[in-house]
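To convert, count from 1 in the sequence shown and add 14; that's the working numbering.
Ideal Cβ positions, reconstructed from N, Cα and C, are used throughout, including at glycine.
All of these numbers come straight from a predicted model, not from anything done at the bench.
Notes to accompany the following structure.
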Amino acid sequence: MNKQIKLHMIKLLISCIILILSASVAVGQTRTHNLGDYKYRVEAGETINTNDVEPTGEWPQDQFRYGTVVFRNSGFAILNWVDENGTTHSKEEFLDPVSYNQSEPYGIREVRRAAPPEVWVTAEGKKQLSSRRFNGTVDPNLPADIMIENRYKALPGFDVVKRTYSYSNPDHDDYVIVEYVYTVTFDWDEDPEPDTDDTQTLDDVYFLIGYTFQTAEGTWITYSRWYEEGKDDWATYEARNSTLVSGGRQIHLSYAWDGDHPDYTEFEAGGPTFDDTGDPRFATGSGGTTPMPSAEFVSNAYSGFSALHIDRSATDNTDWLTQPLSVHGNMNIYNVWDSDFPGFSTIWDWAASGEKFIVEMQPDWPDDPSGQEAEYNFQAFGPYDLQKGDSIRIVYAVGANGISRDLCIEKGLEWRDWYRGGASTFDDAAKNALLATGKDSLFQTMDRALFAWNNGLDIPDPLPAPNLDVISGPNRIELEWQDMSTVPDWDSGQPDLDFYRIYRKRGAFLVDTYNEIRPSGEHLRWEMIAEVPASETTYTDNDVVRGEAYHYAVTAVDAQGLESSKYANRSEIAASAFEPGAGDANMVRVVPNPYVRKA
Numbered sequence: 015m016n017k018q019i020k021l022h023m024i025k026l027l028i029s030c031i032i033l034i035l036s037a038s039v040a041v042g043q044t045r046t047h048n049l050g051d052y053k054y055r056v057e058a059g060e061t062i063n064t065n066d067v068e069p070t071g072e073w074p075q076d077q078f079r080y081g082t083v084v085f086r087n088s089g090f091a092i093l094n095w096v097d098e099n100g101t102t103h104s105k106e107e108f109l110d111p112v113s114y115n116q117s118e119p120y121g122i123r124e125v126r127r128a129a130p131p132e133v134w135v136t137a138e139g140k141k142q143l144s145s146r147r148f149n150g151t152v153d154p155n156l157p158a159d160i161m162i163e164n165r166y167k168a169l170p171g172f173d174v175v176k177r178t179y180s181y182s183n184p185d186h187d188d189y190v191i192v193e194y195v196y197t198v199t200f201d202w203d204e205d206p207e208p209d210t211d212d213t214q215t216l217d218d219v220y221f222l223i224g225y226t227f228q229t230a231e232g233t234w235i236t237y238s239r240w241y242e243e244g245k246d247d248w249a250t251y252e253a254r255n256s257t258l259v260s261g262g263r264q265i266h267l268s269y270a271w272d273g274d275h276p277d278y279t280e281f282e283a284g285g286p287t288f289d290d291t292g293d294p295r296f297a298t299g300s301g302g303t304t305p306m307p308s309a310e311f312v313s314n315a316y317s318g319f320s321a322l323h324i325d326r327s328a329t330d331n332t333d334w335l336t337q338p339l340s341v342h343g344n345m346n347i348y349n350v351w352d353s354d355f356p357g358f359s360t361i362w363d364w365a366a367s368g369e370k371f372i373v374e375m376q377p378d379w380p381d382d383p384s385g386q387e388a389e390y391n392f393q394a395f396g397p398y399d400l401q402k403g404d405s406i407r408i409v410y411a412v413g414a415n416g417i418s419r420d421l422c423i424e425k426g427l428e429w430r431d432w433y434r435g436g437a438s439t440f441d442d443a444a445k446n447a448l449l450a451t452g453k454d455s456l457f458q459t460m461d462r463a464l465f466a467w468n469n470g471l472d473i474p475d476p477l478p479a480p481n482l483d484v485i486s487g488p489n490r491i492e493l494e495w496q497d498m499s500t501v502p503d504w505d506s507g508q509p510d511l512d513f514y515r516i517y518r519k520r521g522a523f524l525v526d527t528y529n530e531i532r533p534s535g536e537h538l539r540w541e542m543i544a545e546v547p548a549s550e551t552t553y554t555d556n557d558v559v560r561g562e563a564y565h566y567a568v569t570a571v572d573a574q575g576l577e578s579s580k581y582a583n584r585s586e587i588a589a590s591a592f593e594p595g596a597g598d599a600n601m602v603r604v605v606p607n608p609y610v611r612k613a
């Protein structure tokens, strides 16, 4: 081994050590978009591996184990670049490229348009803060409700600023917008100096985005928590014209949905065969160990991502409307880990191919999804020739949509009645057709994201959620909240509160935890219990059972009918009513200690 190669290997080893240290320090450095139906966690790195962390992309976020994103990667592939020793690297990919993010201005920061509401709960004689402490800054001029920025350095020399945006507007709360700005610096470590020849050109660079989408609970009950081995999911790509943004970018959607698992043929023991598309709940536990035929559709989500803007070049920032160049819809996670895209010598070769792989090309389509486990959607954008100082912006939206949870429960019971030979005609075919409407809903979600991006992130905005106090009382629970009647509308600048809504959940904070699922198909869900005039800021809930746990939320509805986030001020700590104290002193017994009844 010659001296030059040895020096290069030492340099690479040092870079790897820096990367490992960065990753270890970054553990816990996450921020979360949590105001809408779609909840999305932003990591310090550019990968999510649910062998190590929980899934994200919960939709809707108040359901137990409803994460839809189980793996994610982003990065780039480069035809040629030259390292500090003069060695040329060809067709090299970087799918988790973070090399330094340890001190400002690098790392994660969170900005919100309004400070998160404080929620206090008085229970068992103690007043406790139920909301999380806010570790961020407030900027009332922010166009979105939340912006999370993650800045880092990346091999082989990019300075990357990643900003993600989300909204509480109910028409725009099923997605998160992700904006990358990649700037070439040829610097990848702690000091600001270039780490290799900064006069070179990075040839034919392709930027890459990849996601594996599943419903975590569906995968859990049909196989195990090892999401890379989910066997009943399909993934594909489709382009449609926008209905909200005319004359511009199509919606290039990579998405996934739940299919029929080949190993699950009976909904109930001894019953007829069934198609488990949508995962009508037949069990709980890993691998479906505990029978539970409640029948609600667990995997109703269609999840996906779509490009919103791709720079044409470093000198032309107009949208490159024909991008993505290459798409893969059925890549196995093990291939990604092995840097092996079957049919191509390298990942770069796939990115440069212009091929768009769709579900019809997948083995065993349309009958058996297990022919390709853990489908991984990828899109590639480019190519770009980049020099020091050049920047490229890549923007996409990620989200989920589908039929509502109420409909999943209602139609699940109808389907179960049909399965058991009852009067219902809602059979497998009807179930699958209803679930398939989720694809249209997801396209609509991505269309709204495209509209928001093209409108400078400016959409109609509801009021922020009020601060909330929940107080356990005798045979009642009392609510007190912040007066929002003088709070100006974000757009008009004038107060426009119309009324408040009050929501309640009995039992556990999340919906459909295992101890609350019943074979009857009954569910304890968040429900609206009252609408209150704008002039009032208190409410007494007398319809409670002593000793039972209750959680609450209060929203503000403006004159345009826009409602503040239903999630922002939910009381995670439970309140409960207690038995009133005795009203008559004669009913109070004073006893000595130790207790002797006849003393």
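Residue i versus the options, residue with shortest Cα-Cα distance
{"i": "E57", "options": "D510, L49, D66, F355", "result": "D66"}
{"i": "G301", "options": "G244, G318, D205, K167", "result": "G244"}
{"i": "W364", "options": "K105, D512, Y80", "result": "K105"}
{"i": "T215", "options": "G224, H275, T199", "result": "T199"}
{"i": "G100", "options": "Y517, Y278, T213", "result": "T213"}
{"i": "I191", "options": "T178, Y52, R520", "result": "T178"}
{"i": "T554", "options": "G535, N481, I491", "result": "I491"}
{"i": "Y237", "options": "P206, D277, L258", "result": "D277"}
{"i": "D218", "options": "T500, Y80, A328, T336", "result": "A328"}
{"i": "I531", "options": "P547, D461, P307", "result": "P307"}
{"i": "A129", "options": "F148, G139, K141", "result": "F148"}
{"i": "Y114", "options": "E204, I62, E107", "result": "E204"}
{"i": "E678", "options": "L538, L524, D572, R560", "result": "Since the first residue of the chain shown is 15 and the last is 613, residue 678 is not available in this structure."}
{"i": "L169", "options": "K140, G224, S144, A91", "result": "A91"}
{"i": "A582", "options": "S549, A570, A591", "result": "A570"}
{"i": "D110", "options": "V350, E72, L156", "result": "V350"}
Helix, strand or coil at residue i [DSSP, three-state]
{"i": "D572", "result": "strand"}
{"i": "E593", "result": "coil"}
{"i": "P111", "result": "coil"}
{"i": "M460", "result": "helix"}
{"i": "S384", "result": "helix"}
{"i": "M542", "result": "strand"}
{"i": "K53", "result": "strand"}
{"i": "W362", "result": "helix"}
{"i": "R581", "result": "The question names Arg, but residue 581 is Tyr in the sequence shown. Residue state, collapsed to three classes: coil."}
{"i": "N446", "result": "helix"}
{"i": "R254", "result": "strand"}
{"i": "A567", "result": "strand"}
{"i": "Y433", "result": "helix"}
{"i": "R560", "result": "coil"}
{"i": "K402", "result": "coil"}
For residue i, the residue or residues it bridges with in DSSP
{"i": "M345", "result": "Y390"}
{"i": "G318", "result": "Y269, G413"}
{"i": "K140", "result": "A137"}
{"i": "Q77", "result": "V525"}
{"i": "L93", "result": "BP columns for L93 are empty, so no partner."}
{"i": "I485", "result": "T136, E492"}
{"i": "W248", "result": "W271"}
{"i": "G121", "result": "R165"}
Residue i versus residue j - alpha carbon distance
{"i": "P502", "j": "Q496", "result": "14 angstroms"}
{"i": "T439", "j": "A321", "result": "40 angstroms"}
{"i": "G273", "j": "K445", "result": "12 angstroms"}
{"i": "G595", "j": "G487", "result": "11 angstroms"}
{"i": "T210", "j": "G403", "result": "14 angstroms"}
{"i": "M498", "j": "S88", "result": "41 angstroms"}
{"i": "T136", "j": "D483", "result": "8 angstroms"}
{"i": "D201", "j": "L222", "result": "21 angstroms"}
{"i": "G436", "j": "E536", "result": "19 angstroms"}
{"i": "P286", "j": "S405", "result": "59 angstroms"}
{"i": "D333", "j": "R584", "result": "40 angstroms"}
{"i": "V133", "j": "L49", "result": "15 angstroms"}
{"i": "P509", "j": "P131", "result": "18 angstroms"}
{"i": "H47", "j": "S180", "result": "6 angstroms"}
{"i": "A366", "j": "F395", "result": "9 angstroms"}
Proximity test, residue i beta-carbon vs the ligand NAD heavy atom, cut-off 7 angstroms
{"i": "D555", "result": "No copy of the ligand NAD occurs in the structure displayed, which carries no ligand at all."}
Are three or more beta carbon pairs between the segment 115 to 131 and the segment 246 to 263 nearer than 8 angstroms? Flag = no, the segment 115 to 131 and the segment 246 to 263 do not touch.
The segment 568 to 580 touching the segment 168 to 187, judged by at least three CB pairs closer than 8 angstroms: yes
Does the segment 352 to 370 come into contact with the segment 417 to 426, if we say contact requires no fewer than three beta-carbon pairs (one atom in each stretch) closer than 8 angstroms? With the cut-off at 8 angstroms, the segment 352 to 370 and the segment 417 to 426 do not touch.
With contact counted as at least three CB pairs below 8 angstroms, one residue from each stretch, are the segment 337 to 348 and the segment 370 to 389 in contact? These segments touch.
I'd like to know if the segment 553 to 567 and the segment 510 to 518 are in contact, where contact means that at least 3 CB-CB pairs between them fall below 8 angstroms. yes
Between the segment 419 to 429 and the segment 227 to 235, can you find at least three pairs of beta-carbon atoms closer than 8 angstroms? no
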